[in-house]
Amino acid sequence: MRYSQILLPTLKENPAEAEVISHRLMLRAGFIRKLTSGVYSYLPLGLAAIRKVEQIVREEMNRAGAQELALPIVQPADLWKETGRYEKYGPELLRFRDRHDRESCLGPTHEEVITDLVRREIHSYRELPLNLYQIQTKFRDEIRPRFGLMRGREFIMKDAYSFDVSDAMAEVAYKKMHEAYKRIFTRCGLEFRAVEADSGTIGGSFSHEFMVLAKTGEDTIVVCKECDYAANLEKAAIRSPAADSSLAGMQPMLKVETPGKRKVDAVCEFLKIVASKLVKTLVYLADGQPVAVLVRGDREVQEVKLKNLLGATDVELADDKQVFDATGVPTGYLGPVGIAIRVVADQEIAGMRNFVVGANEKNHHLTQVNMGRDFTVEAVADLRKVTPDDPCPCCGGPLALTEGIEVGHIFKLGTKYSEAMQAVFQDSDGGEKPFVMGCYGIGITRVVAAAIEQNHDQHGIIFPVPLAPFQAIILNLDCKDEAITRAAEEAYGSLQALGVETLLDDRDERPGSKFKDADLLGIPFRLMIGKRFSKDGLVEIRRRRDGFMEEVSLGDLPGILQARIAAEISG
RNA sequence: CGGGGCGUAGCGCAGCCUGGUUAGCGCGCCUGCCUUGGGAGCAGGAGGUCGUAGGUUCGAAUCCUACCGCCCCGACCA
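Going by numbering that gives the first Met the number 0, the final residue of the first sequence carries number 570, and the count climbs one at a time with no gaps.
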């Protein structure tokens, strides 16, 4: 491709709308343009990078035995009503009516559609296992789209769905996808971790997220420094402490006046204690029903854990009014002793002695409180957020928290959708069984953004070779010089003949502009033909990643460059 | 949905508080000259419903009201 002909509007300055680096660089490098919030046009170079990711994904999915198909974006509401998701999915599902007033929606994901297809077409265990995937634009009406392609409303996703005869076979399918994903992200040249993720009602370790490690990541992951343990912070388990059930050391409970002291900090300061000696009582609404949750004063509740414990589909912290309506106590003075609603406690509370809680009375707290003696709870479980000071739940080693961008998620679905939609096959014993399913997603456009988050410098993008829209860019450093121009054209021709994806910067611009643009675009190899060529007949090759330079003759260029490119590709 | 910020040429911004002729600057763009190894220089030029609507006023980019759009934070700790 010739630079003079491609639509590649680079910007010198940072657009005001972009804050995170990948967003800024993709706008500056002329990869994307925004149409409206969370919705972007992909310009030729942006699309080229997207296509690179898609191709790697496609190859690895095919290698893993999955088949590509394409499902509709517009979906009838009836299908979503079958699984109850039409009501449950919420405002992220963009709904509309067609001219016949039929309720429809734009597909944010395709479990319903694929399950409908499979239940119509697959009837025998002999036709299984089956793994079907597509690469397609999805629409999710996100609460707050942000960071360019990192969290758009419209984005490109690869989604795959597996169908198996049994749980055991579904696990095989799951593991295959796990392996395929590792290969995909390795081939993309990304630094990533597969982490255990919340698997909701399915349980077990049957959900993994693939996280690209980058500071701008919206997720926090917990990684053990000594073993292989890695999990999403939402999921990360805490070792249950040895509970001390003896009554030794318990002091009598006392009621104290704490006028106006509502916040943990204020109560602690007033009573001259540390926050770890206090137990806070938070009221959550679990599917609308109030539940009090006890955690140590300096801890934070992990809502996903709470949700799983309660088997609720939705938990949210109650506001002041909801708390008062449920308990008759103003926030700040709640406690488990004599409270009128359900109570669950974090496991850590079981090991605490003589702690402080609210007295369920305005301006009062209780001190020297002990669980078991002064109150009981419905359940004791791991409910709090992991901190960097907690030991690894696997080996007890030290943990580190780090940020990650979720680029892939694999999930065992079981029979959730097949049962809801009566998607069944006839097994070898003649009986009818629901398909055991799994689903596997990769955010294609997010992979591109994540790659840039992880690979850039102050000059611009530094694409890993497998994702680069072009592998090389030839800079004709003096378009008015015939010998140089002839050499640039020759180099361009010979590289193209070899299949090296090359952009020829044939614009009549000064060298400085060409250097800046080449750096900004992040093309892995920059070939410069200019003064050095006039003098000695040499072409300079510069590697974007580290600035490594070498000078070669025009004749040697194709072979040497090809070897350099090959050396950059892993997997 | 709550909070904050912004909306003036393709991009980045100034002007607005304290209303007043023709709305500025840098980059980019067009023409010409010149120049060619890290976003050169000179000269000339094109490009604006100042987000939209309404109001106040002799007069509005500027003041007031409503709406629209965009960005950021939050929607978790009593």
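Heads up, the beta-carbon is just placed ideally off N, CA and C, and yes, glycines get one too.
Check: Can you find at least 3 beta carbon pairs, one from the segment 234 to 241 and one from the segment 209 to 217, that sit closer than 8 Å?
Finding: no
Note to self: Among Q321, L24, L116 and G64, whose alpha-carbon lies nearest the alpha-carbon of G45?
What the structure shows: L24
Check: Roughly how many angstroms lie between the CA atoms of C394 and K224, to the nearest whole one?
Finding: 10 Å
Margin query: On the criterion of 16 or more Cβ atoms from any shown chain inside 10 Å, does L34 qualify as buried, or is it exposed?
Written below: exposed
Checklist line | Status (buried if at least 16 other CB within 10 Å, exposed otherwise) for K51 | finding: buried
Next item on the list: Tell me whether the beta-carbon of L553 lies closer than 8 Å to the beta-carbon of G529.
Entry: no
Item checked: Whole-Å CB distance - N454 paired with P463, under 8 Å assumed -> 6 Å
Notebook entry, point to check: Which same chain residues, not among the five before or five after D507, have their C-beta less than 7 Å away from its C-beta?
Noted result: C478
Next item on the list: Tell whether a beta-carbon distance below 8 Å holds between G331 and K432.
Entry: no
Next item on the list: Out of L6, M0, G29 and V19, point me to the one whose CA is closest to D518's CA.
Entry: G29
Item checked: Three-state class that DSSP yields for C267 in the structure shown -> helix
Checklist line | Strand pairing of D158, partner residues [DSSP] | finding: Q133 and G440
Item checked: Assigned exposure category for F547 - 16 Cβ within 10 Å defines buried -> exposed
Margin query: Within a Cβ cutoff of 7 Å, which residues of the same chain sit near K279, ignoring the five residues on either side of it in sequence?
Written below: V263, V294 and G296
Margin query: Assuming G106 and I72 are in contact, meaning their beta carbons sit under 8 Å apart, how far apart are those beta carbons, in whole angstroms?
Written below: 5 Å
Item checked: Proximity of L93 and D158 at Cβ, strictly below 8 Å -> no
Notebook entry, point to check: From this set, I460, V538, Q367 and K411, which residue's C-alpha is nearest D166's C-alpha?
Noted result: K411
Notebook entry, point to check: Between E91 and K137, what straight-line distance do the alpha-carbon atoms span, to the nearest angstrom?
Noted result: 11 Å
Item checked: Of the listed residues G327, R1 and E153, nearest to I142 (C-alpha basis) -> E153
Check: What residue does the beta strand (DSSP E) around N231 start on, and which one ends it?
Finding: A229 to N231
Note to self: On a Cα-Cα basis, can you pick out the residue from D197, E170 and V211 that is closest to L189?
What the structure shows: V211
Margin query: Taking the straight line between their C-alpha atoms, what separation do you get for I540 and E550?
Written below: 6 Å
Check: Taking just the CA atoms, how far does S21 sit from F514?
Finding: 20 Å
Margin query: So, at 6 Å on beta carbons, what are the nonlocal neighbours of A448 in its own chain, with the 5 sequence-adjacent residues on each side left out?
Written below: S21, L148 and M149
Check: What number of angstroms, rounded off, separates the C-alpha of Q54 from the C-alpha of Q66?
Finding: 14 Å
Next item on the list: With a threshold of 16 other CB atoms inside 10 Å of the CB of H109, please say whether the residue is buried or exposed.
Entry: buried
Checklist line | Close-in-space but distant-in-sequence residues of the same chain around A17 (CB under 6 Å, 5 per side omitted) | finding: R23 and L26
Checklist line | Contact the segment 173 to 189 vs the segment 438 to 445: 3+ CB pairs below 8 Å | finding: yes
Next item on the list: Identify the continuous alpha helix (DSSP H) that holds V322 and give its terminal residues.
Entry: D319 to T326
Item checked: Helix, strand or coil at R118 [DSSP, three-state] -> helix
Notebook entry, point to check: Which whole-angstrom value describes the C-beta separation of I522 and I49, a residue pair presumed to lie in contact below a C-beta threshold of 8 Å?
Noted result: At roughly 16 Å, the Cβ-Cβ gap does not stay under 8 Å, so I522 and I49 are not in contact.
Next item on the list: Would you tell me roughly how many angstroms separate the C-alpha atoms of G430 and E59, rounded to the nearest one?
Entry: 35 Å
Check: Should the segment 116 to 126 be called in touch with the segment 79 to 87, which here means at least 3 C-beta pairs below 8 Å?
Finding: no
Check: What's the gap between the Cα of Q457 and the Cα of E12?
Finding: 13 Å
Check: Since R525 sits in a beta bridge, which residues does DSSP pair it with?
Finding: I472 and R541
Item checked: Short Cβ contact (8 Å threshold) for P335 with V328 -> no
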